[in-house]
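**Q** Could you have a look at this structure, given as structure tokens, before my questions?
Chains as they are written, first to last, in this note's numbering: chain A, 686 to 1275; chain B, 10 to 158; chain C, 47 to 224; chain D, 152 to 846.
If you want it as structure tokens, here you go:
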């Protein structure tokens, strides 16, 4: 069965290479993207099934080929309880991203239109994402330090292009920052890996991990851990090496944000679990207090920063810093429960934040902005389903028990309560308390945001950006309508309202007292859109001609995440039973 | 004959040519200095040919080739100089600063380094342009070549 | 090379060569220091002529005549044309040297010192007895057209290319592709 | 047994899932008729499992109380790498009886809500959230593992957030919801840490193991753990100092107030202390803290209740006060008394809230200054609410009398012997007695102001009540009446009003007092006169609202008699009872006398200068705002600035520094080819010399 892992890399790679042949557009491209990513996802499920659940420790499905013999580099792949969930998460998220990209309507750059290729360069986007998938999956599968590093680096380039080509207004700056920052981290990581290589003479992760640092003195381990840790911490990101993240998330397109938050950040934490801690146990023990301190600072800092953010995507990016702080805190405890917490938190964060970014991407596409004050309020009235999903994702993200976000945080705190022997207990108790404060602050910023965005009256909304939420033809029509309405606002207002009422009494009401020029235009556009919607065949367009609520494609992309969040929340054993035996092995604990 | 004599003469000629290339401003003078250096090399070739008694006379033949190539080079070089003169109305080497990183404000003080204010201004632009990220494209690069008369 | 003659008893050829060498070096110095463009070209003629004499002393007669024909005859004339066409100032000009001159002097001096040191050190014991006829036209001609015929032909192609290039460069009515 | 218990918990959960997903399935249609259909279906989905769950809970309680006692079952064990979490359930008399309370109140609330929120477009999600809430509370009650308990504990917090914010159109409601969640969450973090301490000390998170391990723990551990747990208890049960969310939570629909403040969320804290009573009993300092907090809370809240004008806020503060009674009883070591009071309080407070809901529903305002003279109009409500108030005051023979008597006796006993220090016990007992008097006063005041005196209001057209959820028109919140002439077109208001009513133009200014407007408003007498009304005047509420009230009134009346045996106390202690009744009547009498003097005026006016501080509940909210909220917000802004300027500034600064360094290097690149060649030659020379010298 070991071909499965190789196939996991080959299939998306081949899928990407096939795109170099210009053979089809529109539907064919869609079918191609969905097929390739779907097959990859299925392969990962096959791997999961083949992995079994007997709880035995050790790598499965190993492929071990000579790669560069004179350097003793090996093409060594394998999977265990730590990497398997991440692999499945990666393939799943990529697949869902493609499903999401097939949506109709909207003006996002990350779409796979049904017809002709638009200005968004969908073919290139599919190519890039498939390449990204290869890199990420390879990172999780690699069992050779240099192979790991190669895949680790492969990821950067596609992500750079995703941000730089399909991003927002300041995308170039964000992309530059992203790549420079992460490359800097990679260099340090590479130095650390080479240092390990020089000291131990092998690059085999399995052998290194089973040696548990034998043959390296404590000082050397500490040095190597710091180097590798800094390299990984940039990717994670750990405070204070995080500032590339908000910029990148704010500018990246929706699928870019989803993959960045859902998968790319996990590569850093995976590195901690796979390389830094098992290979360099003494170094880890020496650095763990610092790691924990930075993690906790990151938690509180991220939460506080979130409270002051105006942009939704930026806020979620900062919330990622907080959540990854919990993951790092779990690692810092060096206990099985802490590592379990970190790995669980990884997956949970991947699911939840992916969902959050999906939903916020949907919001941004509809409103034309992700600025919280500009969104106004009353999304529950305007777009009830979308707002409900946003609420769900936020609640999951703030760590409500019964949803996936809780277990990672709770177990991390539990680990901090009783850290590994040799670590200062009072220090970690302080960390735990600060982490607890972080959970309160997390709840605070999410709830405040929900209150500002979903609650309240929809008429508070600034309508003008909504014009951006429709296709070009509709935009022209809407602009024309806006001009008409501006001419005779007062005359139109009542009629507009009547039309709105007739069109649909369900959605949030338009308060005529505050229907201003743009508001009138908006209502006007709505009603006209409602008339035109039948012919345009937009199945997702809500009745009453409002901005579309959740469309089927979006729902198809999001529901699996919702289900998984619920599943892991209600049944954490599904994941913990996978990671727990492996974690004990990694730590060399009984 | 002692080989040292011609060798020293050629070394001195070569150094003089180097000085000419580096110190002269007029392009034609630079071309002359290049000729000096070529001749220094030629002298060496001939001497070694004689010294080594090469039956193929490779040294002298090579000298001939070099002379021919030098003639071609001078022709081409002069053509280039003429084209340059047509475009820039000058053949002074240190006014031809198309390769400069910073734009040269005026030909008069464009000698070895830029005046202070210009440096500061461009640096300021650079930092502002790159406020968001690391290095970006250096500013003002594209207005250099044709703008300076 | 144990039978190296003493440096203290130079042969007549050596004396002639040294005199010509001094002339060549002095003329070259004037080329790079004179303040008049045309004078520089003329001093170049002197220098190249002296070099041709050197070649003669070294028994490379064919090379010497070629030197006179091509360098003195063609190249310098070409350079003089260049001076005229670029409307260079005739007479003394103050600004023939760039500000790079001190640095250039330093570098050139250093080059000279290094080269001379190395050369003297390397060829102290080398001696080339001169035998007339080694560089006659017959010898060189047979060498060129027997052994070096292929480079010779390549060289002719190169010359052709240079010719075409010079024409293209100097004509104003030929434009590059936009 | 365990399977049945699991069913008790799972039924509402499934109802919640089904209600959320299935109410509009498959069409997802919206609009008048579809909404009504969805509501009908949602009501069915919500009520049937609630009934089943209640019946099963009753059966469980019967079995548990009569025979088998404790039984536990573990479904699965989740490895965590440290102590495993055992997903298990526990049935014992305590759990079973509280479960009965929960299911009964939940059912009552569900039934009541059908009428109360008829026509509300969001009723399906509302009822589903109630189901989820019920399920979570039942999980708390039956959990055999502390972490499983914590899951239910937090989910309740979420549900309360969702339900309090049911009318989210109004920012005030949204704020109240957020506040409720956050304040309880603060406590919950402490609670979680307390669980850690206990679990780690005991080597297991199972409640039974924890309790059995308590003797082996050091007293420091126990005190730490219980103090931390107490934080969670204070948060959930709205005890000082985390009580501030409860009055604000009145922003939710009245049935939610009944559910949260009577049966479930606030009871959870008390229940937890009772559940872990052996642990708490071993921690004397914790009990002292609990006693002091309870003493301050009960008296302070009662005094605050005395000054409120909002009927629901009166009840809210009374809830805090009554919960403090229970906490005091727990501190005094009488968990039985506390649970008895919990159950009776659950019954009578739910009754009071539901009655208040009817009153508010009818009058259209929360403010007592807008009520009065409703005795004749709402006879059934009057009777039931009187019963409720009597229970609140602790008058015989209503249930509250018995439970309060038990509580007081336990406190009295704590004076002599018990885990409390003397000072704490004395404070507790003194405050409890004082609170009895104040309770009598505020209950009487509310009763009189609501049902007696002159009528101050004519009914609102129900379409214009602020509770319709859809009514956006009239509820420009907080506006003083009659200042907003509504000239806009008829609103698509609540379907309850019937679509036909849409045609009826509002001729007069149709404004209602807002749910949350804190200041007393002038009488509404002339404001609603011309408004059309479907019912044509004040009338009793629909049957779905009345029946739960009547049903709840029965246990309120009778529960005391059965409870005497349950609490383990032999009988009523007449001395204490007489004292408390006397005090309550004294308080009532004072209020009555004052009221009698001027029936239209508020009896609270005699409080004079103390009234405002009492009405603002001693400015605790402002204090917290100044102490916590504002600093955190400032800190947040500071962090955002720091992030931008310092941390990201360092990153950008490094980029800029590199650029300027490169600028230095670029200075040499001045375009002078001669210079370049000079440099190249110099370099070659250096290399040559270097090669010669070094080589």
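Glycine included, each C-beta is placed from N, C-alpha and C at the ideal position.
Report yes or no: do the segment 87 to 97 of chain C and the segment 38 to 45 of chain B share at least 3 C-beta pairs separated by less than 8 Å?
**A** Enough Cβ pairs lie closer than 8 Å, so yes.
**Q** From the DSSP secondary-structure annotation, give me the bridge partner or partners of residue 82 of chain C.
**A** Answer is C:138, bridged to residue 82 of chain C.
**Q** Put residue 72 of chain B into one of helix, strand or coil per three-state DSSP.
**A** Residue 72 of chain B: helix per DSSP, three-state reduction.
**Q** With DSSP as the reference, identify every bridge partner of residue 237 of chain D, one or two as the case may be.
**A** According to DSSP, residue 237 of chain D bridges with D:228.
**Q** Does chain D have any CB closer than 8 Å to the CB of residue 97 of chain B?
**A** Not one chain D Cβ lies under 8 Å of residue 97 of chain B.
**Q** Since residue 144 of chain C meets chain D, which of its residues come closer than 7 Å, beta carbon to beta carbon?
**A** Neighbours of residue 144 of chain C on chain D, chain order: 825.
**Q** Between D:493, D:333 and D:829, which has its C-alpha nearest residue 550 of chain D's C-alpha?
**A** Out of D:493, D:333 and D:829, D:493 has the C-alpha closest to the C-alpha of residue 550 of chain D.
**Q** Please report the straight-line C-alpha distance between residue 171 of chain D and residue 320 of chain D, rounded to a whole angstrom.
**A** So the two alpha carbons sit approximately 20 Å from each other.
**Q** Out of D:308, D:352, D:351 and D:327, state which residue places its alpha-carbon closest to the alpha-carbon of residue 336 of chain D.
**A** Selected option, being the one with the closest Cα: D:308.
**Q** Cβ atoms of residue 1024 of chain A and residue 232 of chain D: under 8 Å apart, would you say?
**A** Yes, Cβ-Cβ distance for residue 232 of chain D and residue 1024 of chain A is below 8 Å.
**Q** Of all the CB atoms in chain B, is at least one closer than 8 Å to the CB of residue 828 of chain D?
**A** Yes, its Cβ sits closer than 8 Å to a Cβ of chain B.
**Q** What three-state label does DSSP hand residue 191 of chain C in the structure shown?
**A** Residue 191 of chain C falls in the helix class under three-state DSSP.
**Q** Just to confirm before moving on: does the CB-CB distance between residue 325 of chain D and residue 1136 of chain A stay below 8 Å?
**A** In this structure, residue 1136 of chain A lies closer than 8 Å to residue 325 of chain D by Cβ.
**Q** Pick out the complete beta strand (DSSP E) segments inside the segment 973 to 1054 of chain A, 3 residues or longer, and give them in chain order.
**A** Taking only runs of at least 3 residues, no beta strand (DSSP E) segment lies wholly in the segment 973 to 1054 of chain A.
**Q** Counting only beta-carbon atoms, is residue 351 of chain D nearer than 8 Å to chain E?
**A** Absent here is chain E; the protein component of the structure consists of chains A, B, C and D.
**Q** Output the distance between the C-alpha atoms of residue 75 of chain C and residue 849 of chain A, rounded to the nearest integer angstrom.
**A** Rounded to the nearest angstrom, the two C-alpha atoms are 59 Å apart.
**Q** With which residues is residue 760 of chain A paired in a DSSP beta bridge?
**A** According to DSSP, residue 760 of chain A bridges with A:750.
**Q** Identify, in the order they occur along the chain, each residue of the same chain with its Cβ nearer than 7 Å to the Cβ of residue 827 of chain D, setting aside the five sequence neighbours on each side.
**A** Closer than 7 Å at the Cβ level, and outside the excluded window around residue 827 of chain D, lies no residue.
**Q** Can you name the residues of chain C whose CB is closer than 8 Å to the CB of residue 50 of chain B?
**A** Near residue 50 of chain B there are no residues of chain C at all, since even the closest Cβ is about 11 Å away, more than 8 Å.
**Q** Would you kindly work out how many angstroms separate the C-alpha atoms of residue 259 of chain D and residue 407 of chain D, rounded to a whole number?
**A** Roughly 11 Å between the two C-alpha positions.
**Q** Would a check of beta-carbon distances place residue 189 of chain C closer than 8 Å to chain B?
**A** Interface residue, yes.
**Q** Looking at chain D, is there any beta carbon in it that lies within less than 8 Å of the beta carbon of residue 153 of chain C?
**A** Chain D, which has a Cβ nearer than 8 Å to the Cβ of residue 153 of chain C, makes this yes.
**Q** Going by beta carbon distance, what residues of the same chain come within less than 6 Å of residue 1092 of chain A, once the five residues before and after it are set aside?
**A** Excluding residues within five positions, the ones whose Cβ falls inside 6 Å are 1029 and 1257.
**Q** With distances taken from CA atoms, which of A:1090, A:737, A:1066 and A:1001 is nearest residue 933 of chain A?
**A** Cα-wise, what sits closest to residue 933 of chain A is A:1001.
**Q** Could you work out which residues of chain C lie near residue 75 of chain B, taking near to mean beta carbons separated by less than 7 Å?
**A** Within 7 Å Cβ-Cβ: nothing; residue 75 of chain B doesn't reach chain C, min ~10 Å.
**Q** Can the beta-carbon of residue 1077 of chain A be found less than 8 Å from the beta-carbon of residue 1247 of chain A?
**A** Contact: yes.
**Q** In terms of residue numbering, what span does the alpha helix (DSSP H) encompassing residue 1063 of chain A cover?
**A** Per DSSP, residue 1063 of chain A belongs to no alpha helix (DSSP H) and is neither H nor E.
**Q** Out of B:46, B:10, B:16 and B:95, which has the shortest C-alpha to C-alpha gap to residue 23 of chain B?
**A** Among B:46, B:10, B:16 and B:95, the Cα nearest to that of residue 23 of chain B belongs to B:46.
**Q** Starting from residue 106 of chain B, find everything on chain D with Cβ-Cβ shorter than 8 Å and list it in chain order.
**A** Here the neighbours are 821, 822 and 823.
**Q** Considering just the uninterrupted stretch of the alpha helix (DSSP H) at residue 823 of chain D, what are its terminal residues?
**A** Unbroken run through residue 823 of chain D: none, as it is neither H nor E.
**Q** Are the beta-carbon atoms of residue 241 of chain C and residue 59 of chain B separated by less than 8 Å?
**A** Given a span of 47 to 224 for chain C in the structure shown, any question on residue 241 of chain C remains unanswerable.
**Q** So is residue 58 of chain C in contact with chain B if we call contact Cβ pairs under 8 Å?
**A** By this cut-off, residue 58 of chain C is not an interface position.
**Q** Could you pull the DSSP bridge partners for residue 173 of chain C from this structure?
**A** B:11.
**Q** Taking only beta-carbon positions, decide if residue 1184 of chain A is within less than 8 Å of chain D.
**A** Only weak support exists for where residue 1184 of chain A lies, its pLDDT of 39 falling under 50; the value from the coordinates is given anyway. Cβ-Cβ to chain D under 8 Å: no for residue 1184 of chain A.
**Q** Please report the Cβ distance between residue 565 of chain D and residue 579 of chain D, rounded to the nearest whole angstrom; I am assuming they are in contact, meaning their Cβ atoms lie under 8 Å.
**A** About 7 Å; that satisfies the 8 Å criterion.
**Q** Report the option in A:1251, A:1263 and A:809 whose CA atom is closest to the CA atom of residue 1034 of chain A.
**A** The candidate whose alpha carbon is nearest that of residue 1034 of chain A is A:1251.
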